[in-house]
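Just below is one structure, and these are the notes that go with it.
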Amino acid sequence: MTETHHTRSGVRAGLRRSADGIRRAADRIDAATPPGRDRAVDALRALAILGVVLGHWLVTALVADGGTLHTASPLQHMPWLAPISWAFQTLAVFFLVGGHVATRGYTSARARGTTYRQWLTSRLSRLYKPVAAVLALWTVTATALLFTGAPFETVRTLVKLALSPMWFLLVFGALTAATPLLLRLHPLWPLAVVLHVDLVRFGLGGPDWLGWVNLAAGWLVPYTLGAAWTRGELEGRRVAWVLLGGGAVATAVLVGWAGYPASMVGVPGAQVSNLNPPTLAAVTFGLAQCGLALLLRDRLRDGMRRPAVWAAVALVNLSAMTIFLWHQTALMATTATGLALGRLPGLHTVPDGLDWVAARLAWLPVFVLVLAVCRSAFRSFEQGPRKAGGRRSRVIRVHRGTEPAAAKEARRA
Numbered sequence: 001m002t003e004t005h006h007t008r009s010g011v012r013a014g015l016r017r018s019a020d021g022i023r024r025a026a027d028r029i030d031a032a033t034p035p036g037r038d039r040a041v042d043a044l045r046a047l048a049i050l051g052v053v054l055g056h057w058l059v060t061a062l063v064a065d066g067g068t069l070h071t072a073s074p075l076q077h078m079p080w081l082a083p084i085s086w087a088f089q090t091l092a093v094f095f096l097v098g099g100h101v102a103t104r105g106y107t108s109a110r111a112r113g114t115t116y117r118q119w120l121t122s123r124l125s126r127l128y129k130p131v132a133a134v135l136a137l138w139t140v141t142a143t144a145l146l147f148t149g150a151p152f153e154t155v156r157t158l159v160k161l162a163l164s165p166m167w168f169l170l171v172f173g174a175l176t177a178a179t180p181l182l183l184r185l186h187p188l189w190p191l192a193v194v195l196h197v198d199l200v201r202f203g204l205g206g207p208d209w210l211g212w213v214n215l216a217a218g219w220l221v222p223y224t225l226g227a228a229w230t231r232g233e234l235e236g237r238r239v240a241w242v243l244l245g246g247g248a249v250a251t252a253v254l255v256g257w258a259g260y261p262a263s264m265v266g267v268p269g270a271q272v273s274n275l276n277p278p279t280l281a282a283v284t285f286g287l288a289q290c291g292l293a294l295l296l297r298d299r300l301r302d303g304m305r306r307p308a309v310w311a312a313v314a315l316v317n318l319s320a321m322t323i324f325l326w327h328q329t330a331l332m333a334t335t336a337t338g339l340a341l342g343r344l345p346g347l348h349t350v351p352d353g354l355d356w357v358a359a360r361l362a363w364l365p366v367f368v369l370v371l372a373v374c375r376s377a378f379r380s381f382e383q384g385p386r387k388a389g390g391r392r393s394r395v396i397r398v399h400r401g402t403e404p405a406a407a408k409e410a411r412r413a
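All letters in the sequence shown, in the order written, are residues 1 to 413 by my numbering.
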């Protein structure tokens with residue numbers, strides 16, 4: 001009895017020490033953050049990235065059919081789950097924040113005398129360096145699978161899923177490069193392009209390929225909203241309410257009366273996808289999301305005053321691209337490993353019932369663990385190799401005068 005009591009006391013003491021250590025690290029990261037940094041921007045970016053990751057994990061299934069794997073979605077079999085896509089399709093918020101950060105950064109760089117080429121190289125290097133690791137790994141993996149006799153359809157499915165985030169980076173990179181031209185562009189211009197493309201495509205029976213014009217125009221809308229944020233045009237709550245209300249009403253009309261899909265993500269087998277390429281419904285839905293994001297800024301700033309919360313957000317931002325690029329690989333690695341145990345519910349089975357949803361929710365912690373391993377293995381491609389004396393974070397800028405311990409921890413983050 002005494003031995004058991006001592007064991008429990010030791011465990012509690014260890015947990016307290018761990019909690020104290022985490023609290024002290026969070027306090028140091030918080031202290032090393034410049035007072036003028038808008039933490040709401042980082043919070044919105046983190047929420048957007050995590051929303052996309054969770055959305056993919058919840059609506060993407062790799063079904064084992066004989067000796068092959070093919071993709072499926074619970075939205076195919078349970079279309080009434082479409083509201084899930086409303087919560088987790090958060091790309092518009094990412095483009096809103098991206099446009100705001102890029103235009104603000106370019107304006108600041110130009111004031112310092114930094115050339116456009118220097119600014120763009122700095123912006124894109126962190127965006128695309130992690131891509132090299134993904135391409136290298138999947139080139140080797142796909143080649144190895146084919147040489148070991150894996151069905152071509154399975155390899156094609158896996159590679160397509162792994163590389164699917166690349167389209168986002170291509171569009172985001174192109175808009176970043178065009179930032180000097182977009183500083184004053186009003187969001188109504190690209191919105192008008194999307195409207196006319198859909199009128200021709202759906203109303204007049206135009207060719208399907210015309211929809212790909214919206215790949216640039218559709219994401220230009222939130223990106224140029226971010227530029228308007230930089231110009232100070234989105235500070236009032238009235239504008240945010242107009243975006244939220246107008247976007248929500250327009251989306252409801254388009255889905256309810258114009259025949260647009262209710263799901264804001266692609267559904268395998270569906271005739272029309274709201275996302276691939278973006279439709280007017282996806283863009284108006286994005287406007288509503290941007291309005292909600294702008295309304296939440298003050299609350300997020302208040303929430304980010306808590307050191308533990310801010311430290312978590314800062315760490316997500318430091319590995320944002322690594323998390324985004326490797327989350328599908330984490331899903332597939334778990335699925336492939338699980339095949340050794342047979343067809344597991346929520347992992348290899350057809351997503352056609354609530355039992356699959358419950359099983360998939362139970363798999364989420366495993367996906368998180370595997371993604372954490374990927375982050376540890378490949379984060380240097382995004383953050384760069386650690387140098388002697390530490391490395392200054394892009395999320396936490398350390399100012400002179402900050403206490404040494406805090407600076408050291410912030411650089412480690």
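Virtual Cβ for every residue (Gly too), placed ideally from N, Cα, C.
How many Å lie between residue i and residue j at the Cα?
i	j	result
Ala270	Pro74	13 Å
Ala217	Arg28	42 Å
Val171	Glu382	19 Å
Thr337	Pro130	24 Å
His348	Leu195	40 Å
Asp208	Ala192	18 Å
Thr139	Pro261	35 Å
Leu161	Gly173	20 Å
Pro34	Leu137	38 Å
Leu325	Val134	7 Å
Pro180	Ala359	48 Å
Ala132	Ser380	12 Å
Arg123	Ala372	25 Å
Ala150	Thr335	15 Å
Ser376	Leu369	11 Å
Ala153	Leu145	Here the sequence assigns Glu to residue 153, which means Ala is not the residue at that position. For Glu153 and Leu145, the distance between alpha carbons rounds to 11 Å.
Thr68	Ala43	40 Å
So residue i packs on residue j, CB below 8 Å; how close in whole Å?
i	j	result
Gly291	Leu254	With a Cβ gap of about 17 Å, Gly291 and Leu254 do not count as contacting.
Trp119	Leu331	Between Leu331 and Trp119 the Cβ distance is about 35 Å, and since that is not below 8 Å, they are no contact.
Val213	Ser85	Rounded, the Cβ-Cβ distance is 23 Å, inconsistent with contact.
Arg126	Met321	7 Å
Ala227	Gly113	Actually they are not in contact, since the Cβ atoms of Ala227 and Gly113 sit about 22 Å apart, beyond 8 Å.
Gly342	Ala362	That belief does not hold up - the Cβ atoms of Gly342 and Ala362 are roughly 16 Å apart, past 8 Å.
Phe285	Gly246	Not confirmed; about 11 Å, so no contact.
Between the options, which has its C-alpha nearest residue i's C-alpha?
i	options	result
Leu225	Ala288, Gly173, Asn276 and Val200	Ala288
Pro351	Ala362, Ala227 and Thr60	Thr60
His77	Leu354, Gly51 and Trp363	Leu354
Leu210	Val357, Asn276, Glu233 and Ala26	Asn276
Pro222	Asn274, Phe202 and Leu294	Leu294
Leu215	Thr103, Leu344 and Val283	Val283
Leu344	Asp65, Thr114 and Ala32	Asp65
Trp219	Val242, Thr230, Leu169 and Val200	Leu169
Leu158	Gly149, Ala142, Pro365 and Arg112	Ala142
Phe202	Arg24, Arg112 and Gly259	Gly259
Ala178	Gly206, Val97 and Thr103	Thr103
Leu47	Leu182, Val97, Gly236 and Tyr128	Val97
Val267	Thr68, Val63, His70 and Pro79	Pro79
Ile323	Leu280, Val101 and Phe367	Phe367
Tyr128	Gln328, Ser319, Leu339 and Ala252	Ser319
Val241	Val155, Ala111 and Leu296	Contrary to the premise, residue 241 reads as Trp rather than Val in this sequence. Of Val155, Ala111 and Leu296, the residue nearest in Cα terms is Leu296.
Taking 8 Å as the threshold, find out whether the segment 183-194 comes into contact with the segment 154-173 through three or more Cβ pairs. no
Is it true that the segment 312-321 meets the segment 31-45, where meeting means three or more beta-carbon pairs spaced less than 8 Å apart? Contact holds between the segment 312-321 and the segment 31-45, because three or more Cβ pairs, one in each stretch, are under 8 Å apart.
Margin query: Would you call the segment 300-307 in contact with the segment 104-122, where contact means no fewer than 3 C-beta pairs closer than 8 Å?
Written below: no
| said: When you compare the segment 91-98 with the segment 44-53, are there three or more beta-carbon pairs, one atom per stretch, that lie closer than 8 Å? | reply: yes
Q | Entirely enclosed alpha helix (DSSP H) segments - the segment 151-222, minimum 4 residues | A | The qualifying runs are 152-163, 166-177, 179-182 and 188-198.
Requested in this report: Scan the segment 79-158 and note each continuous alpha helix (DSSP H) run of 4 residues or more that stays entirely inside, going in chain order.
Outcome: 83-88, 91-112 and 116-147
Query raised in the report: Where in the segment 278-346 do unbroken runs of the alpha helix (DSSP H), each at least 4 residues long, occur, reported from the N-terminal end onward?
Result: 280-295, 297-303, 307-318 and 320-338
Subject >> Any alpha helix (DSSP H) of 4 or more consecutive residues that is wholly inside the segment 345-383 >> reply: 354-378 and 380-383
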